[in-house]
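Colleague: Residue numbers (this note's numbering): 342 to 485.
Quick reminder that beta carbons are idealized off the backbone N, C-alpha and C, glycines included.
In this text the structure is predicted, and so the values were computed from the model without any measurement.
This is the structure I have questions about; it appears just below.
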């Protein structure tokens, strides 16, 4: 009986080990997950993706957008956290928590734009290509 259970565990483990690269490859293609993370084998086929995150803020709807360079400690930590998550989990990570921290610590800003630039290989041309994604947030008018 014990030998039978061991065989089942061994077969299940080998099946999972065999199928994981296919699951990982599909997750990388679907959600831009970093192929170097989560134990997949796709990492051997692409360079590590480069991710840059920048912030712009506005003090009102008619105000111009300006780059945000200096951040209070908690906002800078959240920016670092988001950058790491974006680099690993791709489009599965969202900057909502970053926006919350930003508005908590920067009271004069009414709008925030989080710009994400990812440098990756284009599957059609096999050349490096920048992908730009922007997230815009507005301060909740009911909060001080």
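State the DSSP-derived secondary structure class of residue 450, mapped to helix, strand or coil.
Modeller: Reduced to three states, the DSSP call for residue 450 is coil.
Colleague: Could you pull the start and end residues of the alpha helix (DSSP H) that residue 469 belongs to?
Modeller: From DSSP, residue 469 is part of no alpha helix (DSSP H) but of the beta strand (DSSP E) over 469–479.
Colleague: For residue 362, which of 379, 347 and 417 has the nearest alpha-carbon?
Modeller: Residue 362 has its Cα closest to that of 379, out of 379, 347 and 417.
Colleague: From the DSSP output, read off the bridge partner residues of residue 456.
Modeller: Partner(s): 395 and 475.
Colleague: The ligand ATP heavy atoms versus the CB of residue 360: any closer than 7 Å?
Modeller: The ligand ATP is absent from the structure shown, which contains no ligand whatsoever.
Colleague: Do the stretch 385–402 and the stretch 445–461 meet, that is, are 3 or more Cβ pairs less than 8 Å apart?
Modeller: Cβ pair count under 8 Å is three or more, so yes.
Colleague: State yes or no: is the C-beta of residue 461 within less than 8 Å of the C-beta of residue 477?
Modeller: It is not a contact, given that the beta carbons lie outside the stated cut-off.
Colleague: Kindly indicate the opening and closing residues of the alpha helix (DSSP H) around residue 362.
Modeller: Run containing residue 362: 343–372, per the alpha helix (DSSP H) assignment.
Colleague: Can you tell which of 442, 466, 457 and 371 has the C-alpha that lies nearest to the C-alpha of residue 394?
Modeller: Comparing Cα positions, the closest option is 457.
Colleague: Quick one: measure Cβ to Cβ for residue 354 and residue 366, integer angstroms, because I've assumed they're closer than 8 Å.
Modeller: 20 Å between Cβ atoms; not a contact.
Colleague: Considering just the uninterrupted stretch of the alpha helix (DSSP H) at residue 430, what are its terminal residues?
Modeller: Element bounds for residue 430: 414–430.
Colleague: Find the nearest neighbour of residue 369 within the set 396, 468, 431 and 442, judged by alpha-carbon distance.
Modeller: Answer by Cα proximity: 431.
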